[in-house]
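Q: So the sequence lines, in the order shown, correspond to chains A and B.
So the first sequence is numbered by our numbering: it starts at 6 and just counts up by one.
So the second sequence is numbered by our numbering: it starts at 6 and just counts up by one.
Protein chains: 2
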Amino acid sequence: MSNHPFSHGDDGYKFSQHIVADFSSNVWIGGPPPDLLLHLRGKLENIGSYPQLHAESLTEGYANFCKLHPSQVLTTNGTAEAIFLVAQYFANAHSTIVIPAFSEYEHACALFEHELGFVSINELTQMELCPPGLVWICQPNNPTGHCLSTERLESLILLNPQTVFVVDEAYAGLCDAHSSVDRLIGKVENLLILRSMTKYFSIPGLRLGYLVGSECLIEAISAFQPPWSVNTLALEAGHFLLRNNIEVDVASWLQSAIELRQSVENITAWKTQESSTAYFLVEANVSASFLKQWLIEKHGLLIRDASNFRGLGKNHFRICSQTQPKNHLLLKALEEFVSEHP
Amino acid sequence: MSNHPFSHGDDGYKFSQHIVADFSSNVWIGGPPPDLLLHLRGKLENIGSYPQLHAESLTEGYANFCKLHPSQVLTTNGTAEAIFLVAQYFANAHSTIVIPAFSEYEHACALFEHELGFVSINELTQMELCPPGLVWICQPNNPTGHCLSTERLESLILLNPQTVFVVDEAYAGLCDAHSSVDRLIGKVENLLILRSMTKYFSIPGLRLGYLVGSECLIEAISAFQPPWSVNTLALEAGHFLLRNNIEVDVASWLQSAIELRQSVENITAWKTQESSTAYFLVEANVSASFLKQWLIEKHGLLIRDASNFRGLGKNHFRICSQTQPKNHLLLKALEEFVSEHP
Numbered sequence: 006m007s008n009h010p011f012s013h014g015d016d017g018y019k020f021s022q023h024i025v026a027d028f029s030s031n032v033w034i035g036g037p038p039p040d041l042l043l044h045l046r047g048k049l050e051n052i053g054s055y056p057q058l059h060a061e062s063l064t065e066g067y068a069n070f071c072k073l074h075p076s077q078v079l080t081t082n083g084t085a086e087a088i089f090l091v092a093q094y095f096a097n098a099h100s101t102i103v104i105p106a107f108s109e110y111e112h113a114c115a116l117f118e119h120e121l122g123f124v125s126i127n128e129l130t131q132m133e134l135c136p137p138g139l140v141w142i143c144q145p146n147n148p149t150g151h152c153l154s155t156e157r158l159e160s161l162i163l164l165n166p167q168t169v170f171v172v173d174e175a176y177a178g179l180c181d182a183h184s185s186v187d188r189l190i191g192k193v194e195n196l197l198i199l200r201s202m203t204k205y206f207s208i209p210g211l212r213l214g215y216l217v218g219s220e221c222l223i224e225a226i227s228a229f230q231p232p233w234s235v236n237t238l239a240l241e242a243g244h245f246l247l248r249n250n251i252e253v254d255v256a257s258w259l260q261s262a263i264e265l266r267q268s269v270e271n272i273t274a275w276k277t278q279e280s281s282t283a284y285f286l287v288e289a290n291v292s293a294s295f296l297k298q299w300l301i302e303k304h305g306l307l308i309r310d311a312s313n314f315r316g317l318g319k320n321h322f323r324i325c326s327q328t329q330p331k332n333h334l335l336l337k338a339l340e341e342f343v344s345e346h347p
Numbered sequence: 006m007s008n009h010p011f012s013h014g015d016d017g018y019k020f021s022q023h024i025v026a027d028f029s030s031n032v033w034i035g036g037p038p039p040d041l042l043l044h045l046r047g048k049l050e051n052i053g054s055y056p057q058l059h060a061e062s063l064t065e066g067y068a069n070f071c072k073l074h075p076s077q078v079l080t081t082n083g084t085a086e087a088i089f090l091v092a093q094y095f096a097n098a099h100s101t102i103v104i105p106a107f108s109e110y111e112h113a114c115a116l117f118e119h120e121l122g123f124v125s126i127n128e129l130t131q132m133e134l135c136p137p138g139l140v141w142i143c144q145p146n147n148p149t150g151h152c153l154s155t156e157r158l159e160s161l162i163l164l165n166p167q168t169v170f171v172v173d174e175a176y177a178g179l180c181d182a183h184s185s186v187d188r189l190i191g192k193v194e195n196l197l198i199l200r201s202m203t204k205y206f207s208i209p210g211l212r213l214g215y216l217v218g219s220e221c222l223i224e225a226i227s228a229f230q231p232p233w234s235v236n237t238l239a240l241e242a243g244h245f246l247l248r249n250n251i252e253v254d255v256a257s258w259l260q261s262a263i264e265l266r267q268s269v270e271n272i273t274a275w276k277t278q279e280s281s282t283a284y285f286l287v288e289a290n291v292s293a294s295f296l297k298q299w300l301i302e303k304h305g306l307l308i309r310d311a312s313n314f315r316g317l318g319k320n321h322f323r324i325c326s327q328t329q330p331k332n333h334l335l336l337k338a339l340e341e342f343v344s345e346h347p
């Protein structure tokens with residue numbers, strides 16, 4: 006199976022094998038909050054009515070939550086829609102993407118004929134002046150799990166008013182160190198923040214994200230959003246999650262990821278990358294596509310072939326820590342793999 | 006409350022009053038099929054996984070259902086997304102909209118800077134040659150409920166290969182006479198058909214529509230669709246509805262609409278329009294916005310102020326037949342209204 010430049014993880018449905026454990030997705034491993042599932046069960050009949058035209062009430066809810074005005078918020082059909090809307094509004098602009106990065110930035114920018122540039126995080130922070138147009142940066146980064154300090158990022162934004170920074174904070178809740186750059190909203194005009202409810206609450210199937218930024222940018226970007234874009238149950242879930250203070254045990258998860266990374270390194274002697282979150286990169290001594298296929302066929306274990314991330318090589322794969330028993334299955338499988346492929 | 010050119014029905018959430026009955030929406034009055042709700046209840050946990058990137062399996066399901074190839078089908082986040090994607094792909098084209106019409110054609114075309122023309126259905130059928138670019142036509146029409154004969158529409162499509170016909174069949178299941186123009190798919194290159202699961206199955210909250218057309222057009226248009234655009238539960242519902250032969254009692258509904266229309270005309274002496282489906286237009290002797298506000302405030306009854314449909318006047322409103330008791334409430338209210346406003 007080829008690794009298309011814009012293919013993604015959580016792609017178990019493409020395989021005939023039963024997936025025993027999925028290390029390819031980056032969402033919280035505990036599944037959707039049981040209270041949320043219970044709540045949605047009681048709201049299922051609401052699919053009989055149209056959702057609000059532009060998710061007005063939930064937008065207000067997010068605004069209250071972020072201490073912003075509703076005109077600074079756009080509720081979207083997942084973060085993916087927000088990315089496409091931003092790229093669309095800035096059609097033909099220059100876009101600098103901090104790589105490696107979630108491939109949908111490049112996908113969307115290419116579709117809307119941006120002039121593309123790619124820099125590493127080190128190159129970005131060493132720039133005296135950022136290029137005009139857009140800078141896309143994922144904080145913490147997917148796929149590396151690296152995180153630029155908030156102060157450093159804020160100073161870049163403040164020093165470069167000619168550049169609009171699109172900061173993807175989809176994984177913000179899933180690392181210890183991270184804090185948002187959202188305190189700059191209302192103070193600067195050159196900042197858009199992508200937010201997701203998907204990762205922290207493990208609800209990628211519902212499609213629920215939002216975009217925050219200056220009133221002027223949000224108004225212009227939202228013009229491109231089709232009506233009724235966010236479905237009724239996603240709206241119900243958003244309201245429920247804003248009303249209820251549901252927390253997941255991120256600390257234990259991050260600890261398990263550190264242990265998994267060390268064990269992978271010990272067993273395989275492959276190079277792994279330190280990460281601020283629960284997923285991390287590994288560079289194998291074989292191609293990631295070969296390893297992915299082997300793990301699926303022999304053990305039903307799914308990893309993320311990361312070779313299609315611009316800036317990474319064909320041997321890179323990404324894994325996200327799962328439960329202890331599942332992590333153990335992966336470690337045993339990798340042990341078998343390296344003994345078979347020394 | 007002003008009637009924005011792209012505002013819509015089913016907007017009860019904008020009012021503080023309790024909505025006793027909603028005549029403003031055009032979906033099947035029986036609510037979502039109970040078996041579907043039961044099925045979705047069992048599938049709620051699937052929101053913990055990403056939906057398929059491009060709804061691949063459901064697209065295949067629709068293709069089988071329509072006896073087409075999956076490359077001739079695009080599954081969308083409601084018909085609204087399909088309309089925006091078509092307008093986007095044909096950015097800057099000439100678009101002729103058959104009016105009065107669902108306002109999102111004009112909304113989307115204006116957004117993507119189409120050169121716009123408007124014709125009545127009579128003007129269209131009398132044309133020797135249609136203008137090049139796109140022709141948008143809703144079959145049966147929303148808001149009028151009128152329906153051009155399939156033969157007449159097919160011959161227009163065949164005689165005008167220079168014009169791409171976008172035929173919105175969202176209400177196709179909800180009238181007696183209608184048959185689809187889909188037998189031309191695969192034979193002509195200038196046809197796109199919009200389909201909706203929303204109206205017949207009363208599931209507007211889920212957001213589920215699809216577009217069929219030539220492989221070449223579908224491939225080009227789908228490039229603009231963000232990944233994961235159709236949510237997991239919409240996909241589940243689509244599969245369930247394709248597997249199960251669920252039928253709703255359209256015949257009784259249409260009969261009730263005929264009776265409602267006659268009663269409205271008898272009570273008010275306002276002009277009503279014959280319709281092939283369960284909704285119809287009425288032209289009052291007062292502004293529709295005044296009547297709408299009066300009905301909401303006095304009786305909690307919601308109608309569709311149709312004055313924002315291009316081609317209609319400020320006194321036009323649309324109602325969709327509901328249950329007998331609800332229809333009775335509307336008739337009593339209209340009786341009161343005309344006695345107060347002779």
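Where a beta carbon is used, it is the ideal one built from N, C-alpha and C, also for glycine.
If the cut is a Cβ gap below 9 angstroms, which residues of chain A does residue 13(B) touch?
A: The contacting residues are 55, 58, 232, 233.
Q: Compile a chain-ordered list of the residues in the segment 203 to 215 of chain B whose CB is closer than 7 angstroms to at least one CB of chain A.
A: Here the close residues are 207, 208, 209, 210, 211, 212.
Q: Can you name the start and end residues of the beta strand (DSSP E) that residue 100(B) belongs to?
A: From DSSP, the beta strand (DSSP E) with residue 100(B) extends over 99 to 103.
Q: Counting contacts by CB-CB distance shorter than 7 angstroms, is residue 4(B) in contact with chain A?
A: A question about residue 4(B) goes unanswered here, because the residues of chain B that appear run from 6 up to 347.
Q: Could you please tell me which residues of the segment 43 to 54 of chain A, in chain order, have their CB closer than 8 angstroms to any CB of chain B?
A: Within the segment 43 to 54 of chain A, the residues whose Cβ lies closer than 8 angstroms to some Cβ of chain B are 45, 46, 49, 50, 51, 52, 53, 54, listed in chain order.
Q: Measure how close the beta-carbons of residue 99(B) and residue 133(B) come, nearest whole angstrom, since I'm counting them as under 8 angstroms.
A: Wrong, their Cβ atoms sit about 17 angstroms apart, outside the cutoff.
Q: Just to confirm, is the Cβ distance from residue 223(A) to residue 79(A) under 7 angstroms?
A: Yes.
Q: Taking residue 153(B) as the reference, which of 165(B), 138(B), 125(B) has the closest Cα?
A: Per the Cα distances, 125(B).
Q: Measure from the C-beta of residue 37(A) to each C-beta in chain B and report whether the shortest distance is under 7 angstroms.
A: Yes, residue 37(A) counts as interfacial toward chain B.
Q: From what residue to what residue does the beta strand (DSSP E) around residue 288(A) run?
A: That run of the beta strand (DSSP E) goes 284 to 288.
Q: Taking Cβ-Cβ distances shorter than 8 angstroms, what residues in chain B pair up with residue 239(A)?
A: Those within 8 angstroms of residue 239(A) in chain B are 236.
Q: Leaving out five residues on either side along the sequence, give the residues of the same chain with a beta carbon under 7 angstroms from the beta carbon of residue 208(B).
A: Around residue 208(B): 37, 202, 242.
Q: Does the CB of residue 20(B) have a neighbour CB from chain A at under 7 angstroms?
A: By this cut-off, residue 20(B) is not an interface position.
Q: Decide if residue 212(A) is buried, meaning its Cβ has at least 16 other Cβ atoms within 10 Å, or exposed.
A: Buried, because 16 or more other Cβ atoms sit within 10 Å of the Cβ of residue 212(A).
Q: Do residue 285(B) and residue 122(B) count as a contact pair if the criterion is CB distance below 7 angstroms?
A: No, Cβ-Cβ distance for residue 122(B) and residue 285(B) is not below 7 angstroms.
Q: Compare the Cα-Cα distances from residue 220(B) to each of 14(B), 95(B), 190(B), 104(B) and report the closest residue.
A: Checked all of 14(B), 95(B), 190(B), 104(B); the closest Cα to residue 220(B) is 190(B).
Q: Straight-line CA distance for residue 25(B) to residue 56(B)?
A: Near 36 angstroms, if we compare the C-alpha coordinates of residue 56(B) and residue 25(B).
Q: Less than 7 angstroms between C-beta atoms, sequence neighbours within five positions excluded: which residues of the same chain meet that for residue 265(A)?
A: Hits under 7 angstroms: 326, 332.
Q: Less than 7 angstroms between the C-beta atoms of residue 307(B) and residue 12(B), yes or no?
A: Against a cut-off of 7 angstroms, the Cβ pair of residue 12(B) and residue 307(B) comes out as no contact.
Q: Is the separation between the beta-carbon of residue 314(B) and that of residue 75(B) shorter than 7 angstroms?
A: No, the Cβ-Cβ distance between residue 314(B) and residue 75(B) is not below 7 angstroms.
Q: For chain A, check one thing: does any of its Cβ atoms lie closer than 7 angstroms to the Cβ of residue 85(B)?
A: Yes, residue 85(B) counts as interfacial toward chain A.
Q: Can you list, in chain order, the residues of its chain whose CB lies under 6 angstroms from that of residue 87(B), leaving out five sequence neighbours each side?
A: Around residue 87(B): 81, 199, 214, 216.
Q: Give every residue of the same chain whose Cβ lies closer than 6 angstroms to the Cβ of residue 67(B), excluding the five residues on either side of it in the sequence, and list them in chain order.
A: If we look at residue 67(B) and ignore the five residues flanking it on each side, its Cβ neighbours are 78, 215.
Q: If residue 253(A) sits next to residue 205(A), beta carbons under 8 angstroms apart, how far is it from one beta carbon to the other, in whole angstroms?
A: The pair is a contact, with the Cβ atoms about 6 angstroms apart (cut-off 8 angstroms).
Q: Verify the CB distance criterion: does residue 313(B) have a CB-CB separation below 7 angstroms to chain A?
A: False, the Cβ-Cβ gap to chain A never drops below 7 angstroms.
Q: Helix, strand or coil for residue 141(B)? Go by DSSP, reduced to three states.
A: Residue 141(B): strand per DSSP, three-state reduction.
Q: From residue 309(A) to residue 127(A), what distance separates their C-alpha atoms?
A: For residue 309(A) and residue 127(A), the distance between alpha carbons rounds to 25 angstroms.
Q: Counting only the same chain and skipping the five closest in sequence on each side, list residues whose C-beta sits under 6 angstroms from that of residue 20(B).
A: Within the same chain, residue 20(B) has close Cβ partners 301.
Q: Can you give the Cα-Cα distance for residue 32(B) and residue 130(A), rounded to whole angstroms?
A: Cα to Cα, the separation comes out at about 54 angstroms.
Q: Using a Cβ-Cβ cutoff of less than 6 angstroms, which residues in the same chain neighbour residue 261(A) once the five nearest sequence positions on both sides are dropped?
A: Once the five neighbours on either side are set aside, the close Cβ partners of residue 261(A) are 326.
Q: Hey, does residue 82(B) have any beta-carbon neighbour from chain A nearer than 7 angstroms?
A: It does; some Cβ of chain A falls within 7 angstroms.
Q: Between the C-alpha atoms of residue 349(A) and residue 94(A), what's the straight-line distance to the nearest angstrom?
A: Outside the modelled stretch of chain A, which goes from 6 to 347, sits residue 349(A), for which no answer is possible.
Q: Give the residues of chain B in contact with residue 184(A), contact being defined as C-beta atoms less than 8 angstroms apart.
A: Chain B residues near residue 184(A): none, gap ~27 angstroms exceeds 8 angstroms.
Q: For residue 323(A), report the span of its beta strand (DSSP E) as first-last.
A: From DSSP, the beta strand (DSSP E) with residue 323(A) extends over 321 to 325.
Q: Under a CB-based cut-off of 7 angstroms, is residue 95(B) close to chain A?
A: By this cut-off, residue 95(B) is not an interface position.
Q: Shorter than 7 angstroms from the beta carbon of residue 89(A) to some beta carbon of chain E?
A: Absent here is chain E; the protein component of the structure consists of chains A and B.
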